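Asks:
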Amino acid sequence: MSNLIAIIAGEPNSINSEIIAKAWKKKGKVKNIFVIGNYDILKKQIQKLNIKIPLIQINKVESFTRQDKLYVLDVPLKFKSIFNVDTSASKTYIFKSFEIAHDLAINKKIKGFINTSIEKKIFTNKFLGVTEYLSNKNKVNNEEVMMIHNKQLSVVPLTTHVDIKNVTNKITFNLIKKKINTLNKFYLKLFKKRPRIGVLGLNPHNSENKYNSIENKIIKPAIIKLKKQKIDIHGPFSADTAFNEKNINTYDVLVGMYHDQVLGPFKALYGYDAINITLGLKYLRLSPDHGVARDIVGLNKANPQSLISAINFLSRIND
């Protein structure tokens, strides 16, 4: 397998060009990284930000020669304004970039890829987000896992970008089993250790342990079943105290029932120090744990730390 790492440039109306350029400079001009994106817009955005890095355009990954430049595998994109690209053109461009990265990863021409931020609304017709889109392309629907990770802790939401009113109906015995099995298997593969997993309940105070609660009828039985499979899993814990110091020091992963139940506390604790890893795919896919940050686009104020952390993580992973 190649040791190359691809970075998908993602949403053009964003801070992505800025964090890519800053990460490349801070990482000491990493020689095994290239960008999948439009060369012209990347060059013009970086010049506008007055960040000086040498870019070189290529049309196939085999043209990468590990010189001291940032290579850009060019993807067509029509634009008039460099920070105000038409939504339809942006959507086509992003999907084409993902297709290229997916094919390169499947054919083992890259070690894996990191996609910078995109607007979730481009997926609204069919997929909830990148995680679900890529799981579909990998044919592993409902077994993929979104894991937000740093050296101190990882968190996993069992449901991702789902409206709160629909979460309860999504939480099933089989969903919990599938997701936890994926988490356990791929965590062991990545970190060479079996994770100690803590699971949160859905309702405040675990529904006060009511007999007909989702905690007693679905979550607890799933945990018991998974324990019988020799998975190191515990809970359910009340979400309001799940992120206390004891649990953070005890568990490798805290699993919540919905997105903000675990991502809110995690980001409050760790800020930019996190990366998003999709578990369950046929290759490694990561992303920085932040959005497009439209409020600071073009202002040279973006923090590249999450992208740097993703690059560091993927660089360290042994095949």
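In the working numbering, the protein residues as written are 124 to 442.
Think of the CB as a built atom: it goes at the ideal place given N, C-alpha and C, for glycine as much as any other residue.
All figures in this text were calculated on a predicted structure; none of them were measured in a lab.
#1: Let's see if you can read the secondary structure: which residues bound the alpha helix (DSSP H) around Gln384?
#2: Let me check understanding here. Comparing Cα to Cα, which of Asp286, Ser277, Lys343 lies closest to Thr295?
#3: Between which two residues does the alpha helix (DSSP H) holding Asp163 run?
#4: According to the Cβ coordinates, are Arg408 and Gly252 closer than 8 Å?
#5: Under the rule that 16 or more other beta-carbon atoms within 10 Å means buried, what is Thr305, buried or exposed?
#6: When the Cβ atoms of the segment 195-202 are set against those of the segment 214-221, are three or more pairs found closer than 8 Å?
#7: Excluding sequence positions up to five away, which residues of its chain have a Cβ less than 8 Å from the Cβ of Arg417?
#8: My guess is that Gly403 and Asn238 are in contact by the Cβ rule of under 8 Å, so how many angstroms apart are they, rounded?
#9: Since Asn155 and Asn126 should fall inside the 8 Å C-beta cutoff, what is the C-beta to C-beta distance between them, to a whole number of angstroms?
#10: Less than 7 Å between C-beta atoms, sequence neighbours within five positions excluded: which residues of the same chain meet that for Leu313?
#11: Kindly list the residues whose CB is nearer than 8 Å to the CB of Glu267, restricted to its own chain and excluding five residues on each side of it in sequence; keep chain order.
#12: Should the segment 355-367 be called in touch with the segment 315-323, which here means at least 3 C-beta pairs below 8 Å?
Replies: In brief:
#1: As a first step, residue 384 must be located in the sequence shown, where it is residue number 261. Here the alpha helix (DSSP H) through Gln384 covers 382-393.
#2: Here residue 295 refers to the residue found at position 172 of the sequence shown. Nearest C-alpha to Thr295: Lys343.
#3: Taking the first residue of the sequence shown as position 1, residue 163 is located at position 40. Counting along the chain, Asp163 sits inside the alpha helix (DSSP H) bounded by residues 162-171.
#4: Reading the sequence shown from its first residue, position 285 is the one you call residue 408. Reading the sequence shown from its first residue, position 129 is the one you call residue 252. No, Cβ-Cβ distance for Arg408 and Gly252 is not below 8 Å.
#5: Residue 305 sits at position 182 when you count from the first residue of the sequence shown. It counts as buried.
#6: They touch, by the three-pair rule.
#7: One-based indexing of the sequence shown puts residue 417 at position 294. Taking C-beta separations shorter than 8 Å and ignoring five residues to either side along the sequence, the partners of Arg417 in its chain run Asn136, Ser137, following chain order.
#8: Sequence index remark: in the sequence shown, residue 403 carries index 280 (1-based). Sequence index remark: in the sequence shown, residue 238 carries index 115 (1-based). Rounded, the Cβ-Cβ distance is 16 Å, inconsistent with contact.
#9: Taking the sequence shown and counting its residues from 1, the one referred to as residue 155 is at position 32. Taking the sequence shown and counting its residues from 1, the one referred to as residue 126 is at position 3. Your pair Asn155 and Asn126 checks out as a contact, with CB atoms roughly 5 Å apart and the cut at 8 Å.
#10: Taking the sequence shown and counting its residues from 1, one reaches residue 313 at position 190. Only Ile440 meet the Cβ criterion.
#11: Taking the first residue of the sequence shown as position 1, residue 267 is located at position 144. Cβ neighbours of Glu267 beyond the five flanking positions: Thr254, Glu255, Leu257, Ser258, Asn261, Thr305, Thr401, Leu402, Gly403, Leu404.
#12: They touch, by the three-pair rule.
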